[in-house]
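Note sheet for the following structure.
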Amino acid sequence: MSRAAARPDVLTAIGDTPLIRLRRASEETGCTILGKAEFLNPGLSVKDRAALSIVQDAEARGLIRPGGTIVEGTAGNTGIGLALVASVRGYRTVIVIPETQSAEKKQTLRLAGARLVEVPAVPFANPNNYVHVARRLAESLAERDPAGAFFADQFDNVANRRAHVERTGPEIYEGTGGSVDGFVCAAGTGGTLAGVAEALWVAKPGVSIALADPEGSALYAHYTAGTLKAEGSSITEGIGQGRVTGNLAGFTPDHAFRIPDAEALAIVFGLMREEGLSLGGSSGINVAGAIRLAKRLGPGHTIVTILCDGAARYASKLFNPAFLAERGLPVPDWLDAPAEDLP
Ligand code: PMP
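Have a look at this one:
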């Protein structure tokens, strides 16, 4: 369907996002590097796909009833996707979010009608981790509310991964006319990475799949040294993982790269300034990973990555000179350029 075609509802406008050539990354590597513009989804992120798939799967399995409540633990984007799917399908949404996530994402969730429960950011092993709080909340709501409650469980619910096996992966294969040689992205739940990989390995045997891992995530060590070990930290949101989630089960990438924030942010700022792409931090990690994969495969290859969400979701952090300076990260000159020199 063309992007301009009339739709019966907003949910049918999820997916079929364009692939955009990233000029500087392509020129620097002699490859064709393409970003899949997931920030153009109705909820403005890659997670609309997983949200829709999870709700459709729950409906098909009779796990959710009209007027029921969808409960989820999320860094934000999945919650935004779930809130919009819930509005169209007639459910309520309760979102448990670590308080460290951006104010913009929390605000967007509230505007979308979700009820927000903010909790301290603690590791998964702690029973007060947002995922466990969400699961318990869903259980107690299900007991009290006759309309019922459903825990979306994006990390371990493979309806998430299936969205990318059935749609994102085939879209990438078809959108490149079958010429895709490599795919790379970061993992939060791992649904995008493992799902696209599953589709592409079948459509194009020999395609190279790579993980781009931020600092503070244990996956790079897991796939390169066999130990789930995290070092450092990242200001990016929604990516990095300390365990092998249900969506990553059985998956092993062909390559893995560990990307420092400074490398990712320079790319985010460059894409904004020189290519008109307004992106969040995880997109920077992904494009950095695409450049590394391109260099490893050599010139002439076609590499695809994901442009997960937009800059506006992180204005108070990634694009806030004071926030960057406090963390010793480079501040792009135009962000705090005074207007004094204007006539
Ligand atoms: N980027 C952003 C901004 C996200 O919110 C997420 C999801 N948490 C991801 C990337 C990672 O996607 P996935 O959960 O499919 O691994």
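Each residue of the sequence shown is one higher than the last, beginning at 379 in the numbering used here.
For every residue, glycine included, the Cβ atom is placed at its ideal position computed from N, Cα and C.
- Can the beta-carbon of glycine 662 be found less than 9 Å from the beta-carbon of alanine 634? Within the sequence shown, the letter at position 284 stands for residue 662. Within the sequence shown, the letter at position 256 stands for residue 634. Contact flag unset, no.
- With a threshold of 8 Å, establish whether the CB of valine 433 neighbours any heavy atom of the ligand PMP. Walking along the sequence shown from the start, residue 433 turns up at place 55. Result no, Cβ not under 8 Å from the ligand PMP.
- Answer yes or no: do arginine 670 and alanine 565 have a C-beta to C-beta separation smaller than 9 Å? Taking the first residue of the sequence shown as position 1, residue 670 is located at position 292. Taking the first residue of the sequence shown as position 1, residue 565 is located at position 187. Cβ distance not < 9 Å, so arginine 670 and alanine 565 don't count as in contact.
- Item | serine 612 versus Arg651, Gly658 and Leu462, residue with shortest Cα-Cα distance | Translated into the one-based positions of the sequence shown, residue 612 becomes position 234. Out of Arg651, Gly658 and Leu462, Gly658 has the C-alpha closest to the C-alpha of serine 612.
- Message: Could you check whether threonine 683 and leucine 626 sit closer than 9 Å to each other, using their CB atoms as the reference points?
- Response: Locating residue 626 in the sequence shown gives position 248, where the first residue counts as 1. Locating residue 683 in the sequence shown gives position 305, where the first residue counts as 1. Not a contact, by the Cβ cut-off of 9 Å.
- Taking just the CA atoms, how far does glutamine 532 sit from aspartate 523? Counting from 1 along the sequence shown, the entry for residue 523 is found at position 145. Counting from 1 along the sequence shown, the entry for residue 532 is found at position 154. Roughly 22 Å between the two C-alpha positions.
- Task: Please determine if the region 439-458 and the region 508-527 are in contact, where contact requires at least 3 C-beta pairs separated by less than 8 Å.
- Result: yes
- Query: Which stretch, first to last residue, makes up the beta strand (DSSP E) that contains serine 586?
  - Reply: Within the sequence shown, residue 586 is the residue found at index 208, counting from 1. Start and end: 586-592.
- Are the beta-carbon atoms belonging to arginine 427 and glycine 459 less than 9 Å from one another? To locate residue 427, count along the sequence shown from 1; it is residue 49. To locate residue 459, count along the sequence shown from 1; it is residue 81. Contact: yes.
- Which residue comes first and which comes last in the alpha helix (DSSP H) that contains glutamate 652? Residue mapping note: residue 652 aligns to position 274 of the sequence shown, counting from 1. It spans 639-653 - the alpha helix (DSSP H) in which glutamate 652 sits, taken as one unbroken run.
- Query: Going by the beta-carbon positions, is the gap between alanine 581 and tyrosine 551 smaller than 9 Å?
  - Reply: In the sequence shown, the residue the question calls residue 581 occupies position 203. In the sequence shown, the residue the question calls residue 551 occupies position 173. The answer is yes: Cβ separation under 9 Å.
- Query: Residue ranges of each alpha helix (DSSP H) run of no fewer than 4 residues wholly in the region 511-571, ordered along the chain?
  - Reply: 537-541 and 547-553
- Proximal residues to lysine 483 (C-beta, below 6 Å), its chain only, five neighbours per side dropped: Residue 483 sits at position 105 when you count from the first residue of the sequence shown. These residues qualify, in order along the chain: Gly454 and Arg691.
- Of all the options Ala717, Tyr598 and Pro386, which has the alpha carbon lying nearest to the alpha carbon of arginine 636? As a working mapping, residue 636 is identified with position 258 in the sequence shown. If we check each option's Cα against that of arginine 636, Tyr598 comes out closest.
- Message: For glycine 555 and phenylalanine 697, what's the separation of their Cα atoms in angstroms?
- Response: Here residue 555 refers to the residue found at position 177 of the sequence shown. Here residue 697 refers to the residue found at position 319 of the sequence shown. Each residue's Cα considered, the two are about 36 Å apart.
- Which residues bound the alpha helix (DSSP H) around glutamate 405? Within the sequence shown, residue 405 is the residue found at index 27, counting from 1. Start and end: 401-407.
- Identify which residue in Ser518, Thr614 and Asp719 has its Cα closest to the Cα of aspartate 639. Position 261 of the sequence shown, counting from 1, holds the residue named residue 639. Comparing Cα positions, the closest option is Thr614.
- When DSSP labels each residue in this structure, what does arginine 443 get in the three-state scheme? By one-based count along the sequence shown, residue 443 stands at place 65. Coil.
- Task: Could you tell me the boundaries of the beta strand (DSSP E) in which isoleucine 411 lies?
- Result: In the sequence shown, the residue the question calls residue 411 occupies position 33. Here the beta strand (DSSP E) through isoleucine 411 covers 410-415.
- Query: Got a sec, what are the start and stop residues for the beta strand (DSSP E) valine 497 sits in?
  - Reply: Translated into the one-based positions of the sequence shown, residue 497 becomes position 119. If you look at valine 497, you'll find it in the beta strand (DSSP E) that goes 493-497.
- What span of residues does the beta strand (DSSP E) with leucine 685 cover, start to end? Position 307 of the sequence shown, counted from the start, is the residue given in the question as residue 685. Where leucine 685 is concerned, the enclosing beta strand (DSSP E) stretches over 680-685.
- Query: valine 562 to leucine 720, Cα distance in whole Å?
  - Reply: For the purposes of this step, residue 562 is taken as residue 184 along the sequence shown, with counting starting at 1. For the purposes of this step, residue 720 is taken as residue 342 along the sequence shown, with counting starting at 1. If I take the Cα positions, the gap works out to 42 Å.
- Message: Could you give the first and the last residue of the continuous beta strand (DSSP E) run that contains valine 472?
- Response: Start at 1 with the first residue of the sequence shown, and residue 472 comes out as number 94. First-last of the beta strand (DSSP E) with valine 472: 470-476.
- Message: the ligand PMP and lysine 425: does any heavy atom of the ligand fall closer than 8 Å to the residue's C-beta?
- Response: The sequence position of residue 425 within the sequence shown is 47, counting from 1. Result yes, Cβ under 8 Å from the ligand PMP.
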